[in-house]
Every structure is written in structure tokens, then in C-alpha cells.
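Participant: These protein sequence lines are chains A and B, in that order.
If you read the first sequence in our numbering, its first letter stands for residue 18, the second for the next number, and so on.
If you read the second sequence in our numbering, its first letter stands for residue 2, the second for the next number, and so on.
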Amino acid sequence: MEKDKFITILQELYDWNPKLRSKEKELLGLIKTLADSRPDTQFDEQFAADLKKDLLSHRILLDDDEGLEEKFNLFNFNYMRKKLYFGLGAVALCGVAFLFILINKQPGSEVSWNPKESFSNYDQFVKTEPGAFGSLAKLNQAESQELTASNLQAGGDTVTTNRNNETVVSSASAPIRGMGGDRVDYLKMILPMHSFEYIYVGEPLELSEEEALVYRRLKGDGSLSHQFDSLFAGKKIGPLDLQNFSGLQANSISFNENKPFGYSMSIDFKEESIYIGQNWSYWQHEINNCGGDQACFDSYRLKIEDVLSDEELIAIADKFLSDKKINHDSYDEAQIDNFWRLNYEASQDKDNYYIPEEISVIYPLKIDGQKVYDQGGDFMGLRVNVNLRHKLVSGVSNLNTARFETSKYILETDAEKIIGAALKNGSRFYYTDDIEKVSLELGAPSKALVRYWRYENNTSEELLVPALIFPVNNPPASYYGSRYITIPLVKEMLEEIINNNSGGDIGIMPLVR
Amino acid sequence: MSDHYSELKLALSAKNGDQAAFGTLYNIYIRKIYDFVYFKTLNKEIAEDLSSQVFLKALKYISSFKGDNFSAWLYTIARHTVIDHYRLNKDYKQIEDCWDLADWGDLSADTEIKLLMEKVHQAMKKLSAADRELLTLRLWSDLPFKEIALILRKKEPAAKMAFSRSLERLRKEMQPLLSLIFLLLWKKINL
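(1) If you follow the beta strand (DSSP E) that Arg-233 (chain A) is part of, which residue opens it and which one closes it?
(2) On the criterion of 16 or more Cβ atoms from any shown chain inside 10 Å, does Gly-151 (chain A) qualify as buried, or is it exposed?
(3) Report the neighbours of Asp-69 (chain B) on chain A: residues whose CB is nearer than 9 angstroms to its CB, in chain order.
(4) At a CB-CB cut-off below 9 angstroms, which residues of chain A make contact with Leu-168 (chain B)?
(5) Using a Cβ-Cβ distance cut-off of 8 angstroms, determine whether Ala-65 (chain A) contacts chain B.
(6) I want to see whether chain B comes within less than 8 angstroms of Ile-435 (chain A), judged by CB atoms only; does it?
(7) Over the uninterrupted alpha helix (DSSP H) stretch that includes Ser-477 (chain A), give me the two end residues.
(8) Since Lys-425 (chain A) and Ala-229 (chain A) are thought to touch, with beta carbons under 8 angstroms apart, how far apart are those beta carbons, to the nearest angstrom?
(9) For Trp-357 (chain A), which of B:Arg-80, B:Asp-50, B:His-122 and B:Ser-65 has the nearest alpha-carbon?
(10) At which residues does the alpha helix (DSSP H) containing Val-38 (chain B) begin and terminate?
(11) Is DSSP giving Lys-367 (chain A) helix, strand or coil here?
(12) Is Gln-20 (chain B) close to chain A? Criterion is C-beta to C-beta, closer than 8 angstroms.
(13) With Pro-158 (chain B) as the anchor, note down where its beta strand (DSSP E) starts and where it stops.
(14) Determine the DSSP secondary structure at Ile-254 (chain A), reduced to helix, strand or coil.
(15) Assuming Ser-290 (chain A) contacts Leu-416 (chain A) under a Cβ cut-off of 8 angstroms, what Cβ separation, rounded to an integer in Å, is found between them?
(16) What are the residues that DSSP puts in a beta bridge with Pro-381 (chain A)?
(17) Enumerate in chain order the residues of its own chain whose CB-to-CB distance from Lys-147 (chain B) is below 7 angstroms, with the five nearest sequence positions on each side excluded.
(18) Looking at the unbroken beta strand (DSSP E) that takes in Gly-412 (chain A), where does it start and where does it end?
(19) Between the stretch 11-44 of chain B and chain A, which residues of the former have CB atoms less than 8 angstroms from a CB of the latter, in chain order?
(20) Between the Cα of Glu-375 (chain A) and the Cα atoms of A:Lys-320, A:Lys-144, A:Leu-37 and A:Asn-34, which residue gives the shortest distance?
(21) Give a yes or no on whether the minimum CB-CB distance between Ile-291 (chain A) and chain B is below 8 angstroms.
(22) If we define contact as Cβ-Cβ less than 8 angstroms, is Lys-126 (chain B) a contact residue for chain A?
(23) Just how far apart, CA to CA, sit Leu-359 (chain A) and Gln-59 (chain A)?
(24) Pull up the DSSP beta-bridge partners for Glu-214 (chain A), would you.
(25) Mind checking if Lys-161 (chain B) is an interface residue toward chain A, Cβ cutoff 8 angstroms exclusive?
(26) Would you tell me roughly how many angstroms separate the C-alpha atoms of Ala-22 (chain B) and Leu-11 (chain B), rounded to the nearest one?
(27) Taking 7 angstroms as the limit between beta carbons, can you name the residues of its chain near Leu-60 (chain B), skipping five residues before and five after?
(28) Does any residue of chain B have a CB that is nearer than 8 angstroms to the CB of Gly-412 (chain A)?
(29) What residues from the stretch 374-392 of chain A come within 9 angstroms of chain B, judged by C-beta to C-beta, listed N to C?
(30) Spell out whether any CB of chain A is found under 8 angstroms from the CB atom of Arg-133 (chain B).
(31) Using 8 angstroms as the limit for Cβ to Cβ distance, is Leu-138 (chain B) near chain A?
(32) Are the stretch 405-412 of chain A and the stretch 361-369 of chain A touching, with three or more C-beta to C-beta distances below 8 angstroms?
(33) Counting pairs of Cβ atoms below 8 angstroms between the stretch 157-166 of chain B and the stretch 33-53 of chain A, do you hit three or more?
(34) How far does the beta strand (DSSP E) with Gly-534 (chain A) in it extend, from its first residue to its last?
(35) Which of the residues in the stretch 477-493 of chain A, read from start to end, lie with their CB under 9 angstroms from any CB of chain B?
(36) Run through chain B and tell me which residues come within less than 9 angstroms of Gly-398 (chain A), C-beta to C-beta.
Below, the structure is given as C-alpha cells:
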């Protein structure tokens, strides 16, 4: 067996360079010696078992979102695990309490809690003084700092992504994702590297607006959970007497629909966000019965002709929202996330390309009539996943409250500065490898709100900032990077980009942003 | 069913919230990732902490997994987690693994082999971190060149070339030991 491994390695090397055959004896000796010198890694099975147990619970724990990156930065898993246990205890407490309520609910009595009503308070805006959110200059930096912690770096150097709040139960942070995939999605792909620079080819900019509103999302003040809190406060649940605890507040709650093609629903009170997903046990997964049968497995692979048209996908999503009476008044007309098609179209081997089982329908978020984008220039909004195999909605995410504070901030009106920042932002990376240099054209921008994150004191704030979004006009087929460059119009943020490179760090990274 | 394809299915199931699928992927990869991290840190506690972080990150970000190679995706997270670890530690900002700092423990019960292994590790220490990474990924983690190329963001032929060159550099470092290596190999083969 081991011998086969060495022969395979040698053969691979010969395939690359046949001349190496002349050194076979020496190579074999080296390879074998090196392979044999593999150290004992002292792997501890108990550690693995404990970690697995923690991890699978952690999926729930993420709801409390005390800043996962913070925990990572501590580099102390023991510390992390202690926090996990506290969190697990809290979650268990909520779960037990809810069970108690369900079990003891009298017929005809009514739980005075109405998530639909609570989550339908859209378009609430609270005006505040100009500049009330403090300096926004560091928002660009927050982006790059979070990335360092959020694990995805290219060549070990800092790259940028937003703090991704990827939906589902696991994410307590606002789970809004950009249409076409967030930057973090790009980053998670292993991609070819190119050097590229941007050239502005759009019309001259005319910017006359000297100030505009910045929006800060309001959430997690307990207004959604308080009715639920009172239901179990002071109750005795088995051996647990909640009278002995104080200040109890529900963080999240989940429900399962136990029927064929039923759903799981999770409501995060802290982030004021709802997630609906498959109740996995009740969905058919025939492919799981294939065992090791490759032919069986292949027979279940979707083909490109299995992909529904955009109209069909939207109709399925619309019907689901309508049937379930899910209010989505704050969202714009549906669009399809066809990000996967970019890769499919670029693929050389389309027959073997993996066709996704689900496609997302996005209902872009609109605030004060303005569409909202992420920093990658992709739509943010309500995401409804449609399962192509069953032609059913399999998940809904980013169904959030939309309560905001607003505050006026001074905007930059110097077009030259803004375009300069866009070019710098786009061209901020260089590469050490000998790689192809590509010029990319930036077209005329459109104005929109762009979401930024600010992290302070272990809390995250979502800020929507007026910005310009420059489209990349001529991406080559091999280009996997963002199709847009977003530049904030708030003067202090722009100054920060121009003066401190905060939005335009020179770094080494792949062709993805 | 190929491993790659079944893992992809598991990853996509996990992406859709199937914890059992994530658990299966965890079972497949925990040892591999732990070992990979250990090869770079040579410390059990650090390897446990960092591999824990790797899987926490994987769990957090699995919902946005869009690649077609879960293994490479996970190893990439692991690789950057280790790099982060050293870069965030101001004392070790310039290093990407800790071979220079490591104190090798028991390598083998066989004295002769142990001596040789120590020499090999001495030679490995003289290589660059990049060389060591390539050699250990292929020979200790048993990853194919195709996957190594994805993790290191190289093309496959470039990964092979780099591996070959790393081997060559190791060979130079180990030149004085080659006769001993062949002797041991000969003995082992004839046992």
C-alpha cells in the first residue's frame, strides 16, 4: 500500500518531468525517508469527540453572537469552551422552558406572542442629530480587520470581506447576503490569480448632494422577546426552578414542522431575524441510499436542463411567501441569484459541472426607497431558496425587522477624489507571482445604500451608508472577482480611504474581492 | 461514489443546515486537519486549539460554501488559521510554522531510525516554510498534487515543480545521510 503511494508520487513527478526517472533511486529514498519521518501527532480521540459534541451544539450557540471572531482571537479554546457551555446552558434553558409552555398550554388559551406582527414593523425610522453615530472613518478598516479574524486570507495577507452573517440558525448577526454571493463566498473559492488594474470609462460625475442620511439598524432591545420571556419566568421546569434566576430573556426559539417536506423555523430575538429551513428528516434524500454506487449517485445529479427558468423560480418563491403569509413589503421585486452560472459558463467541462440543487431568489431590501447593497456591490435582501429537485422552497433567510435610526452626514462632492478612490480601491492588490495583468473598465456608478459593519465593545452595528457602486464593464471569462466597486460617499470615510489606505491596502491576494 | 463527490454532497447538505452531514465531514477530516496543523505547530495543545477554530469557522461559513472541493476549502481555512496564529502573535510574525522553535519528541522506538529521523528533521528545518509545507502536504498529509495546488493557489504542474525542487533542496541538505538512508531502506526491504 505504502509502496503504491511512493510509486504514485514518482509517477506524478515523471509525468511532469520525465528526466527525473534517471534519479529514481535517489528520489525514492528521499520520499520514503521523508514519509517515514512523519511525526506522531499525539492525536487525542477524546478531544475529537468532545469537539464534535461542542461544534454541533455551537450551531445553536452562534445565535448569541458575542463575536465569534473575538473568541477566535483569544486563541484559547478552553476559554471558548467555557463560554460554549454557558451558552449551551442558556439555550437549553430556553428550549426546556418552551417545551414546558407547550405541554402546559391550556386548550383555548393564547400565547400572546405574534412573530408575524412583530416582524412586520418595517420602515421604522428614528431621526437623530447629525453625526450621531460618531465617526464613520474607521468603517473601512473594520472591514479589513474582521477579515483577518474571519479566516480567509490569501497567501496569508489580509483580504477584505464583510462580516458575513450567513443566514440560518447559526448566525445571530443580521443574516443579509448579497445577491450573486457575498465577497466571502468568492474568497472561499480557490481561484486563479491575476494582477489587475481599473480604468474609469464612465461619464463625468456630477455630485451636488452635500449631506445625506446614514442608517443604523435597531435590534435586540428585547421588544420582540419580552412577551415570550414572561411566559416562562418564575416557572418550575422539572428540577429547574426559574424563580431562582432573574433577568431571563429569550435569545432564540425554534420550531419544527414534523410532516413530509416540513420546515424548521428559527427566530433570533437578538438579531430580530427569522430563518426557515428544511426539517431535514422529513425531506426525501434518495441520494443517501446510493451507498457506494457511483452510477446511482450519478443518476441523481441534476443536469442543466433541470434548472428552472427565472420565472418559474420566482413563481415558486412568491407562492411560498404568499401561502405562508410572510410579509415582505420592505423588499423589492424578486431577482435570481445566478452567480453559479458565471462559473458554469466559464467551465471547460460543462458536462461534469456540479449543478446546484438549490437556487436563491432574492427580494432586494429597500430603505426609504433606496436599494441596499453589500460592500461587494451585490443586492442584500430576503433570500428564498428553491430546491430544483422537488420544486419547493427549501429555505428563507434574512427575514429581518427593518428598524433604523437615521443621522445626517456630510458627503464628498469632488468627483475626482471619488473616482480616484474607486480606481485605487479596485487596483489595490499586487502580486508576487508572474501572472497576467488585466485592465478592467469601471463604468458610470449608481448611487445606493451600502451596508457596513462596526464592531465595538463586542457588539456589531449595521450601518447603511450612501455610496456609489461602479460596475466592472469588461470582466474576462476567467474573472471571478466582484463585478462592482463600492465607494462610500460619506466624506470622512472617503478621506480615510484616500489618506490611510484603509479601503485600499496594498496586499497580496487572489483575483477575488 | 467517489470520495470527492460524496464529500461534496455532504458539504452541500451541511450547507443546507444538515448537522449530521457536517458531523460526517467532521469525522472524515478532524484527524487530517489536526495532523496538518500539528505538522505546522508541532504542539499538541496549539494543534487542538487551532483545529477547533478551523471547524468552528467551517461550521460558521459552511452556509456560503460555493466551491466544488470541500477538502481544499477546509485545508485553506486551516492553513490561514495557522498563519493567523503566528501573525497575531507578535513574537512570531515572520514565521509561518514553528519548525525553528520545535523540540521534537519521540520519533521512533528504533534507535537507528530515530537517529535518522532526527537528521531528516534537522534537514527539514533548513528548508523554507514553503518547502516544508509542500513536502508535508504530499507525504505526511497524503494530499494529491491537484488538491495541494488548490490550497496553495498554484497550478498543478507548478505544485509538482515546486515539490520536486523542495525535494532537491532537501536532498542537498541530506547528502551526507544518503548512504545511511539507503542502508536502512535496504534493511527494511529485506526484513
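Backbone N, C-alpha and C fix where the C-beta goes; we use that ideal spot for every residue, glycine too.
Keep in mind it's a predicted model, so treat the numbers as computed, not measured.
Facilitator: In brief:
(1) Position 216 of the first sequence holds residue 233 (chain A). It spans 228-235 - the beta strand (DSSP E) in which Arg-233 (chain A) sits, taken as one unbroken run.
(2) Locating residue 151 (chain A) in the first sequence gives position 134, where the first residue counts as 1. Exposed.
(3) Locating residue 69 (chain B) in the second sequence gives position 68, where the first residue counts as 1. In chain order: Met-206, Asn-360, Tyr-370 and Tyr-371.
(4) By one-based count along the second sequence, residue 168 (chain B) stands at place 167. Under the 9 angstroms cutoff, chain A gives Leu-30, Leu-44, Leu-47, Ile-48 and Leu-51.
(5) Taking the first sequence and counting its residues from 1, the one referred to as residue 65 (chain A) is at position 48. Under the Cβ criterion of 8 angstroms, Ala-65 (chain A) is counted among the residues facing chain B.
(6) Here residue 435 (chain A) is taken as the residue at index 418 of the first sequence, counted from 1. For Ile-435 (chain A), the answer is no, since every Cβ of chain B falls outside 8 angstroms of its Cβ.
(7) The residue you call residue 477 (chain A) lines up with position 460 of the first sequence. Unbroken run through Ser-477 (chain A) is the beta strand (DSSP E), 476-488; no alpha helix (DSSP H).
(8) Counted from its first residue, the first sequence places residue 425 (chain A) at position 408. Counted from its first residue, the first sequence places residue 229 (chain A) at position 212. With 8 angstroms as the limit, Lys-425 (chain A) and Ala-229 (chain A) qualify as a contact, their Cβ atoms being about 7 angstroms apart.
(9) On the first sequence, position 340 is the one that residue 357 (chain A) refers to. Of B:Arg-80, B:Asp-50, B:His-122 and B:Ser-65, the residue nearest in Cα terms is B:Ser-65.
(10) Translated into positions along the second sequence, residue 38 (chain B) becomes position 37. Looking at the DSSP string, the run of the alpha helix (DSSP H) that includes Val-38 (chain B) is 20-42.
(11) The residue given as residue 367 (chain A) occupies position 350 in the first sequence. Three-state result, Lys-367 (chain A): helix.
(12) In the second sequence, the residue the question calls residue 20 (chain B) occupies position 19. With 8 angstroms as the cut-off, Gln-20 (chain B) counts as an interface residue toward chain A.
(13) Here the question's residue 158 (chain B) lines up with position 157 in the second sequence. It is not in any beta strand (DSSP E) - Pro-158 (chain B) instead sits in the alpha helix (DSSP H) that spans 157-175.
(14) Along the first sequence, read from residue 1 onward, the residue named residue 254 (chain A) stands at position 237. Strand at Ile-254 (chain A).
(15) Residue 290 (chain A) sits at position 273 when you count from the first residue of the first sequence. Residue 416 (chain A) sits at position 399 when you count from the first residue of the first sequence. About 7 angstroms separates the two Cβ atoms, so the contact holds.
(16) For this step, residue 381 (chain A) is matched to residue 364 along the first sequence. Its beta-bridge partners are A:Gly-398.
(17) Within the second sequence, the letter at position 146 stands for residue 147 (chain B). The beta carbon of Lys-147 (chain B) lies closer than 7 angstroms to those of Glu-157 in the same chain, with the five residues before and after it left out.
(18) Numbered from its first residue, the first sequence carries residue 412 (chain A) at position 395. 409-417 is the span of the beta strand (DSSP E), which, as asked, contains Gly-412 (chain A).
(19) So the list reads Leu-13, Ser-14, Asn-17, Gly-18, Asp-19, Gln-20, Ala-21, Phe-23, Gly-24, Tyr-27, Asn-28, Ile-31, Arg-32, Tyr-35, Asp-36, Tyr-39, Phe-40 and Leu-43, given in the order they occur along the chain.
(20) The residue you call residue 375 (chain A) lines up with position 358 of the first sequence. That would be A:Lys-320, whose Cα lies nearest to the Cα of Glu-375 (chain A).
(21) By one-based count along the first sequence, residue 291 (chain A) stands at place 274. No, Ile-291 (chain A) does not count as interfacial toward chain B.
(22) For this step, residue 126 (chain B) is matched to residue 125 along the second sequence. With 8 angstroms as the cut-off, Lys-126 (chain B) does not count as an interface residue toward chain A.
(23) Within the first sequence, numbered from 1, the residue matching residue 359 (chain A) stands at position 342. Within the first sequence, numbered from 1, the residue matching residue 59 (chain A) stands at position 42. About 44 angstroms.
(24) The residue given as residue 214 (chain A) occupies position 197 in the first sequence. DSSP, once it has assigned bridges, lists A:Ser-456 as partnering Glu-214 (chain A).
(25) By one-based count along the second sequence, residue 161 (chain B) stands at place 160. By this cut-off, Lys-161 (chain B) is an interface position.
(26) The residue given as residue 22 (chain B) occupies position 21 in the second sequence. The residue given as residue 11 (chain B) occupies position 10 in the second sequence. Answer to the nearest angstrom: the Cα atoms are 5 angstroms apart.
(27) To locate residue 60 (chain B), count along the second sequence from 1; it is residue 59. Take Leu-60 (chain B), set aside five residues on each side of it, and the residues of its chain with a beta-carbon closer than 7 angstroms to its own are Phe-23, in chain order.
(28) In the first sequence, the residue the question calls residue 412 (chain A) occupies position 395. Closer than 8 angstroms: yes.
(29) Taken in chain order, the members of the stretch 374-392 of chain A whose beta-carbon sits within less than 9 angstroms of a beta-carbon on chain B are Glu-374 and Glu-375.
(30) Numbered from its first residue, the second sequence carries residue 133 (chain B) at position 132. No, no contact with chain A.
(31) Residue numbering aside, residue 138 (chain B) sits at position 137 when the second sequence is read from its first letter. No - not a single Cβ of chain A is within 8 angstroms of the one on Leu-138 (chain B).
(32) Counting C-beta pairs with one atom in each stretch, the stretch 405-412 of chain A and the stretch 361-369 of chain A have fewer than three that are closer than 8 angstroms, which means they do not touch.
(33) yes
(34) Nothing about residue 534 (chain A) can be reported from this structure: the residues present for chain A run from 18 to 530 only.
(35) none
(36) In the first sequence, counting from the first residue as 1, residue 398 (chain A) sits at position 381. The premise fails here: Gly-398 (chain A) is roughly 16 angstroms from chain B at the closest Cβ pair, so nothing lies under 9 angstroms.
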